[in-house]
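First up is the structure itself, then whatever we jot down about it.
In the numbering used here, the protein residues as written are 1 to 388.
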C-alpha cells in the first residue's frame, strides 16, 4: 500500500472524518506522543499539530489509506479520552460497610448500563463528535459535566463525562514572521513568549472496578498548562457519579475510602523492577544534618535516579533518604511513547512528622486500557489494602 499522495479520487467524506478526529486529538494529545501514532497510519507529519493538520487538509491519498487512517486514529482518540493525561484518585470500596459495598458492585455489573440509557438518549453528542472550537465549546462553559458514554467491559463500569475548562498556554512567537515595524519593536529581544487562555474539551471518567473493588476518578488535565482553578473538576465528577448511584441504589459510590498514595512512594523508589525514577523529591537525613533540597522536584528523563552517580554517591553519606515525591517512567514499544506516573507529596510533612495524605497521581502517555491498567497496577501493587 503506497503512502504517496495521488492525483486520483479524493474521498472528501473520509478526509473530513480524519481531519475531525485529528482536531479532537490535537486538543488533548501532546505532539511528541501523537507524531509516531500519525506516522504509523502513513499520513504525512510536519513539525507540529498546526502544520500537520494543514497538510492533511490538502494532501491526497488512496481511499484505503484514508479509511485505515480514520479507523486507527478514531480508536486512539476514543481510548485517549478514557486514559490519556489523567489525574487519578481511588476510593477503596473495602472501606465501606458490607451492605453498601455489595450494592455498588451489584449495580455496576448489573443494571447500571440500562439505568443510565435514558440519560444517554439525551446526550448532546458522542465522544468522537465532541466540539473542539471556541464557538462549539461556548455552550458548555460553566455547565455541569454531561454523561456521554456508559460501558461495562472486563468487570469495569465506565461513565464518561464531558465538560470544557479554560487553560493558560505559553508558547514562543516567531519574530521573523512579523511585519517589519513589529520586528523593529522586538529587535532587542532574543525570545518572545505569548500567553493565551483557551477552552479545551475535557473527558473525565468515573470507573467502578468490580474485580479490584475500587472506584477510580480520572480527571483530564493539560500537561504544561495552568488550569482555571475556578472549576473544581474532581468534585464535579464525583458529584455527578454520586447523584447517579444515590438515585438508583440509595447511597453514594465515592465517599469514604479515598486512598492515600504516599505509602507507595518509598516502595516504588526501592523497587528496581518498577520502571526508572525520572523525578524525585526527597529528604536526606544524616547524624548531624538533613536536607530537603529546598522542596525541589529533581527531574531527568534520560536517567534513573536510583542509579545516577551523584545520587548513589550521596546516599553513602547519609543515614537514609525519604522520598516524598516520585516520577516513574516506563518504556513502550513504538509507535507508542513512554508511560509516566507522578505522585507529589510535600517535604514539610516529613519534617513535621505528620505525613499528610497524597491522594492524586498524574498519569501521562497512555493510549489504551492496557497502558493505563499497567501503570495503575504498578502503583496499587505497592499499596496495602484490606483483603476481600
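All C-beta atoms in this analysis are idealised placements derived from N, C-alpha and C, irrespective of residue type, glycine included.
Values in this document were obtained by computation on a predicted structure and should not be read as measured data.
{"query": "Alpha-carbon spacing of residue 251 relative to residue 88, whole angstroms", "result": "22 Å"}
{"query": "Of the listed residues 205, 304, 377, 273, nearest to residue 238 (C-alpha basis)", "result": "205"}
{"query": "Check whether residue 305 and residue 283 have beta carbons under 7 Å apart", "result": "no"}
{"query": "CA-to-CA distance, residue 32 to residue 94, given in whole angstroms", "result": "39 Å"}
{"query": "Reduced DSSP category for residue 323 - H, G, I as helix; E, B as strand; rest coil", "result": "strand"}
{"query": "Entirely enclosed alpha helix (DSSP H) segments - the stretch 172-207, minimum 4 residues", "result": "180-185"}
{"query": "Reduced DSSP category for residue 80 - H, G, I as helix; E, B as strand; rest coil", "result": "helix"}
{"query": "Secondary structure of residue 301, DSSP reduced to three states", "result": "coil"}
{"query": "Residue 7 versus residue 59: straight-line alpha-carbon distance, rounded", "result": "Its pLDDT being 40, under 50, residue 7 is placed unreliably by the model, and the measurement read from it follows with that caveat. Computed Cα separation, rounded: 9 Å."}
{"query": "Helix, strand or coil at residue 155 [DSSP, three-state]", "result": "coil"}
{"query": "Segments of 3+ residues assigned as beta strand (DSSP E) that fall wholly inside the stretch 220-297", "result": "276-285"}
{"query": "Other residues of its chain near residue 69: CB distance less than 6 Å, five sequence neighbours each side excluded", "result": "18, 41, 43"}
{"query": "Alpha-carbon spacing of residue 188 relative to residue 197, whole angstroms", "result": "26 Å"}
{"query": "Buried versus exposed call for residue 9 [16 or more other C-beta atoms within 10 Å across all chains shown]", "result": "Confidence is the limiting factor: at residue 9 the pLDDT is only 44, short of 50, which leaves the residue's position unreliable and the question unanswerable from this model."}
{"query": "Option in 214, 328, 259 with minimal Cα separation from residue 388", "result": "214"}
{"query": "Cα-Cα separation between residue 21 and residue 184, rounded to whole angstroms", "result": "40 Å"}
{"query": "Euclidean distance between Cα positions of residue 132 and residue 120", "result": "20 Å"}
{"query": "Top-ranked residue by Cα proximity to residue 367, from 55, 57, 86", "result": "86"}
{"query": "Complete alpha helix (DSSP H) runs within the stretch 27-112 (minimum length 4 residues, chain order)", "result": "31-39, 49-58, 63-83, 98-109"}
{"query": "Nearest to residue 53 (by Cα), restricted to the options 321, 80, 23", "result": "23"}
{"query": "C-alpha distance - residue 110 paired with residue 153, whole-angstrom precision", "result": "12 Å"}
{"query": "Burial state of residue 137, where buried means 16 or more other Cβ atoms lie within 10 Å", "result": "buried"}
{"query": "Closest residue to residue 150 among 300, 78, 167 (Cα-Cα distance)", "result": "78"}
{"query": "Span separating the alpha-carbon of residue 175 from that of residue 28", "result": "27 Å"}
{"query": "Own chain partners of residue 156 with C-beta closer than 6 Å, once the 5 adjacent residues on each side are dropped", "result": "207, 209"}
{"query": "Among 322, 324, 331, the one whose alpha carbon lies nearest that of residue 303", "result": "331"}
{"query": "Opposing strand residues paired with residue 340 [DSSP bridges]", "result": "329, 364"}
{"query": "Buried or exposed by the 16-neighbour rule on C-beta atoms within 10 Å, applied to residue 160", "result": "buried"}
{"query": "Per DSSP, the bridge partner or partners of residue 169", "result": "196"}
{"query": "Which of helix, strand or coil DSSP assigns to residue 218", "result": "strand"}
{"query": "Other residues of its chain near residue 359: CB distance less than 6 Å, five sequence neighbours each side excluded", "result": "89, 258"}
{"query": "Cutoff 8 Å; reference residue 308; Cβ partners in own chain excluding five residues on either side", "result": "300"}
{"query": "Paired residues, beta bridge with residue 160 - DSSP", "result": "149, 205"}
{"query": "Residues near residue 193 by beta carbon distance below 8 Å, same chain, minus five either side", "result": "170, 171, 172, 173"}
{"query": "Residues near residue 73 by beta carbon distance below 8 Å, same chain, minus five either side", "result": "18, 21, 22, 25, 37, 38, 41"}
{"query": "Nearest-angstrom Cα separation, counted from residue 15 out to residue 48", "result": "19 Å"}
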